[in-house]
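Throughout the sequence shown, residue numbering follows numbering that gives the first Met the number 0, covering 0 to 286 in sequence. We treat Cβ as the ideally placed atom computed from N, Cα and C, and that holds for glycine. As the structure is a prediction and not an experimental result, all values here were calculated from the model. What follows is a single structure, written as structure tokens, with notes after it.
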Amino acid sequence: MSGEAATATVLLDEASTRIAAALGLEKREARLEARVLAAQAWQVDRAWLIAHGSDPLSDAQAAQFQALLSRRLAGEPVAYLIGTREFYGRPFQVSPDVLIPRPDTELLVELALARIPPDQAVEVLDLGTGSGCIAITLALERPHAQVTAVDRSAAALAIARRNAGILGARVDFLRSDWFNALIGRSFDLIVGNPPYIAAADPHLANGDVRFEPLTALASGVDGLDDLRSLTAAARAHLKPGGVLLLEHGYDQADAVQSQLRQRGFRNVRSWADLAGILRVSGGEWPE
Ligand code: GLN
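Structure follows, in structure tokens:
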């Protein structure tokens with residue numbers, strides 16, 4: 000950068016306008032993103048940005064910010080650029096090897112917590128754990144629970160293990176393609192946020208999801224391939240009276256419910272997320 004030294008305020012204003020235009024965001028959201036990127040680029044917090052908004056920045060500082068900004072303008076998700084995303088009030092490290100934790104999934108966590116008594120060593124399984132956000136949250140909220148988490152991706156498991164270490168959660172991580180490495184094991188509660196988007200869904204070509212692992216997002220022609228195989232396989236891994244809870248797409252509750260009923264689950268029902276969308280379905284394996 001040449002000429003007069005830029006200030007944080009000037010750079011952030013210009014960046015917000017460009018982010019809003021390039022990504023079709025509201026100005027307010029774009030400003031927030033610009034601040035998050037600046038805080039990462041300069042390793043400072045929000046208070047610093049306010050207090051030092053009119054200080055001149057060095058060329059190196061300006062360049063560090065521009066580097067992150069260009070990646071964001073090209074569509075890379077903020078969570079990958081800063082390497083972290085908050086879930087259920089805790090920071091989780093993320094990389095393009097794992098799906099970025101979503102607020103929708105906090106519903107699955109709430110439903111699971113309601114089924115794990117605080118003082119019992121309930122055995123819980125998280126299928127396709129990714130960043131580990133579900134398993135780790137359950138383990139931290141219910142320290143007596145015995146939480147196992149599987150993923151078929153070694154890279155994802157490395158991140159999940161790191162998150163458990165940083166957050167101090169006791170989770171048994173296992174490399175497994177769904178139930179493959181769990182022969183003979185059964186659980187009181189099985190939860191999962193499997194891929195559930197239809198392979199040809201145009202949603203996959205837009206926004207953040209373009210940068211996320213496709214294997215964590217798409218699942219066959221109708222998006223139901225994995226949900227179908229999980230509902231079929233889960234019963235061999237549930238204790239009598241055990242519960243299965245699966246997150247799914249906005250229009251898949253009926254399909255998942257009928258799968259669960261066909262497979263012999265009882266008390267099958269669905270629950271709505273904060274947006275009023277039926278987002279999780281589940282049932283009990285008979286006693
Ligand atoms: N809810 C995510 C989305 O729509 C999809 C996550 C998933 O497939 N499990 O982007």
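In this chain, the beta strand (DSSP E) harbouring Ala271 covers 265–271.
The residues Ile189, Leu243, in chain order, have a CB closer than 7 Å to that of Ala233 in the same chain once the five nearest residues on each side in sequence are set aside. Per DSSP, the unbroken alpha helix (DSSP H) holding Ala111 starts and ends at 105–112. Inter-residue distance for Leu213 and Phe172 is about 22 Å (C-alpha atoms, whole angstroms).
Within the same chain, Tyr195, Ile196, Ala197, Gly248 come within 6 Å of Gly222 by CB-CB distance, once the 5 residues on both sides are set aside. Beta bridge pairing from DSSP links Gly191 with Leu126, Leu245. Assigned with DSSP and collapsed to three states, Asp225 falls in helix.
Here Val255 is not near Leu110, since their CB atoms are 7 Å or more apart. Partner residues in the beta bridge of Gly282, as assigned by DSSP, are Leu243. Apart from the 5 residues on each side of it in sequence, Thr83 sits with its Cβ closer than 7 Å to the Cβ of Pro90, Phe91, Gln92, Val93 in its chain, given in chain order.
Taking the Cβ atoms as the reference, Val146 lies roughly 5 Å from Val170, within the contact range of under 8 Å.
For the set Thr128, Arg114, Leu245, the Cα lying nearest the Cα of Glu122 is the one of Arg114. Look at Val220 here: in three-state DSSP terms it is coil, with no helix or strand label.
Counting only residues of its own chain and dropping the five nearest sequence neighbours on each side, Ile133 has a CB closer than 7 Å to the CB of Thr104, Leu107, Val108, Asp125, Val190, Asn192. Here Asp150 is bridged, per DSSP, to Arg174.
It is roughly 50 Å from the alpha-carbon of Trp177 to the alpha-carbon of Gly52.
Residue nearest to Gly281 within the set Gln261, Gly275, Leu273 is Gln261 (criterion: CA-CA distance). Using a Cβ distance threshold of 7 Å, Val97 and Gly74 do not count as a contacting pair. Taken through DSSP and simplified to helix, strand or coil, Pro76 comes out as coil.
With at least 16 other beta carbons inside 10 angstroms of its own, Val77 counts as buried.
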